[in-house]
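Notes for the one structure printed next.
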Amino acid sequence: MAKLAVPLLILFFLLSFIPSQAALPLHTPIQKDHSTGQYIISAYLKTPLKLTKLVLDLGATYSWENCDDYISSTYQHIPCNSSIANSLSAYACMDTCEDPPGPNCGNNSFSFILDNPIKAVDYRKVNGINAALVDSLALPNTQGSLVSISNFIFSCARTGFLKGLAKGVTGLAALGNSNLSIPVQINKAFPSSPNCFAMCLSGSTSQPGLALFGSKGPYNFLQGIDLSKSLVYTPLIFNPLGRDSDSNNHRLSPEYYVGLTSIKVNGKMVALNKALLAIDGQSGSGGTRISTIVPYTKLQSSIYKAFTLAFLKEAASPSFNLTTTKPVKPFGVCYPASAVKNTQMGPAVPIIELVLDRQDVVWKMFGSNSMVRVTKKSVDLWCLGFVDGGGIDGPSIVIGGQQLEDNLLQFDLQSKKLGFSSSILSKGTNCADFKFSTGKI
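With mature numbering (1 follows the signal peptide of the UniProt record, and there is no 0) applied, the sequence shown corresponds to residues -23 to -1, 1 to 418, in that order.
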């Protein structure tokens, strides 16, 4: 396919179609794949538009899509010497294609160096350098109309990058703090809208949650509940040594961290090494990160030990009177399901509190988020959904998907703050109660 001349491509990038601001917010369902624990969003790519399923990565720099069978009449490569390529930082430049020309390969074209956050890629078998593309992305607005962004930048990926991804998924949707992430590119197309997105992962086995782009609220769920009024705010923190850094070039992490200062179980402080809760400025390790890729919250080994001991003690107290049974991997603490009472907030177990930047800024986790039901063969258990993350080569704590479900999270990228609701089950609603428009998706 013939490429646009550099000046024309720049004009295409800068003067792309910008619909009316009234078109926002945009939204898309987030469906959990229960066989893998992955969260999947639906979006429209290409021309003509095609419904595409992408695994959601809250901390990814840029999105990617399998281009081995990519057919679109509007895709363009990005020339290496263009102002667009220069603005995206140096990743790689493909001077001459070794493969036939097509979406995966363009002479003198800008390229990304990809990874798969789910399953490590064998770069001896799969080419890790993949062509960057510009093409159309569309999402529905809350009135049911598809809204197109014609200058969406993403990366191609070979089929080998799909290993480990849920069935039917053909790529990755990046929601990280990056000028190439989906929320930031939407904001560039709608510059007067808030540089903000919200996410509500569903705990339902069948009904989806949602992502909302370009709005700080209201977030109206069924029963007329506006969850924007339930948000508590804490600063977003960005690791100065992000995963795209190297020894000569330090880049801020696209991943979202929060300033956790302590953990309480049943109102009692957990005795842990608080130095691990801060990001080390020399190594980038430590701190608390939020992830949609990790299924269960991972705790550095010493934190995990102190936390589980505190939980065991409180669960055994007269208020709960729970006795452990043989655990099932990957969990270390489990109870017979028959011994655990059920409530509106899930299993009746000690409440976990994450104390953030101030003592009154507390993220509460009830049984619906802290416990995981395990049923197989003759086993029926409730297990504590936190796992031992080993040493500190990375964040000390990674808050995983199980702990995020039925919580509304608002990522305000302009003000660099996180709004969180704690479990919305306490409001008489859940993340599957959002009323989607009757349009596409």
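From the three backbone atoms N, C-alpha and C, an ideal C-beta is built for every residue, glycine too.
Per DSSP, what kind of secondary structure is residue i in: helix, strand or coil?
| i | result |
| --- | --- |
| Tyr21 | strand |
| Gln8 | strand |
| Asp410 | helix |
| Gly105 | coil |
| Tyr16 | strand |
| Phe174 | strand |
| Leu157 | coil |
| Ser(-4) | The pLDDT assigned to Ser(-4) is 46, lower than 50, so where the model puts this residue is not dependable; a value taken from the coordinates is nonetheless given after this. Ser(-4): coil per DSSP, three-state reduction. |
| Gly137 | helix |
| Lys144 | coil |
| Lys27 | strand |
| Phe167 | coil |
| Val(-18) | Bear in mind that a pLDDT of 38 at Val(-18), under 50, signals an unreliable position, so the number given afterwards is only what the model happens to contain. If DSSP states are grouped into helix, strand and coil, Val(-18) belongs with the helices. |
| Lys245 | strand |
| Phe288 | helix |
| Ser296 | coil |
| residue 425 | The chain is shown from -23 up to 418; residue 425 falls before or after that span and cannot be answered. |
| Met(-23) | The predicted position of Met(-23) is uncertain, since its pLDDT is 38 and thus under 50; no value can be drawn from it. |
| Lys96 | coil |
| Arg228 | coil |
| Ala255 | coil |
| Leu(-13) | Interpretation of Leu(-13) is limited by its pLDDT of 35, a score under 50 that renders its predicted location unreliable; the figure taken from the coordinates is listed afterwards. Leu(-13) falls in the helix class under three-state DSSP. |
| Tyr281 | helix |
Do you know whose CA, among the options, lies nearest residue i's CA?
| i | options | result |
| --- | --- | --- |
| Tyr47 | Asn104, Pro78, Phe388 | Pro78 |
| Ser59 | Asn85, Ser181, Ile95 | Asn85 |
| Phe174 | Gln120, Gly258, Leu386, Ser400 | Leu386 |
| Cys219 | Val32, Pro6, Gly371, Gln8 | The sequence shown places Gly at residue 219, rather than the Cys named in the question. It is Gly371 whose Cα lies nearest to the Cα of Gly219. |
| Leu286 | Val242, Tyr52, Ala(-1) | Val242 |
| Gln120 | Tyr273, Leu3, Asn384 | Leu3 |
| Ala292 | Ala409, Ile240, Val310 | Val310 |
| Lys318 | Lys354, Trp359, Ser279 | Trp359 |
| Thr147 | Ser268, Pro272, Ser40, Ser64 | Ser40 |
| Cys133 | Leu189, Pro6, Phe288, Ser49 | Ser49 |
| Lys353 | Ala150, Met342, Pro313, Glu232 | Pro313 |
| Pro94 | Tyr16, Asn216, Phe87 | Tyr16 |
| residue 452 | Ser398, Val326, Gly105 | Outside the modelled stretch of the chain, which goes from -23 to 418, sits residue 452, for which no answer is possible. |
| Ala109 | Lys96, Asn63, Leu333, Tyr281 | Asn63 |
Taking the DSSP output, what are the residues bridged to residue i?
| i | result |
| --- | --- |
| Thr302 | Cys311 |
| Pro324 | Asn319 |
| Asn118 | Leu3 |
| Val126 | Here residue 126 turns out to be Ile, not Val, going by the sequence shown. In DSSP, Ile126 forms a bridge with Leu114. |
| Tyr234 | Ile214, Arg266 |
| Ile90 | Ile106 |
| Ser403 | Ser403 is not bridged to any residue. |
| Gly83 | Gly83 is not bridged to any residue. |
| Ser132 | Trp41, Ala109 |
Where does the unbroken alpha helix (DSSP H) through residue i begin, and where does it stop?
| i | result |
| --- | --- |
| Val242 | First-last for Val242: 239 to 242, but that is the beta strand (DSSP E), not the alpha helix (DSSP H). |
| Lys275 | Counting along the chain, Lys275 falls outside any alpha helix (DSSP H), though it belongs to the beta strand (DSSP E) covering 274 to 276. |
Which residue comes first and which comes last in the beta strand (DSSP E) that contains residue i?
| i | result |
| --- | --- |
| Leu149 | 148 to 151 |
| Ser400 | 394 to 400 |
| Val271 | Per DSSP, Val271 belongs to no beta strand (DSSP E) and is neither H nor E. |
| Tyr210 | 209 to 214 |
Uninterrupted beta strand (DSSP E) stretches inside the segment 29 to 77 (no shorter than 3 residues) | 41 to 43, 69 to 71
Continuous alpha helix (DSSP H) assignments of at least 4 residues falling wholly in the segment 325 to 390 = 344 to 347, 378 to 381
Which runs of the alpha helix (DSSP H) spanning at least 4 residues fall entirely within the segment 179 to 207, listed in chain order?
-> none
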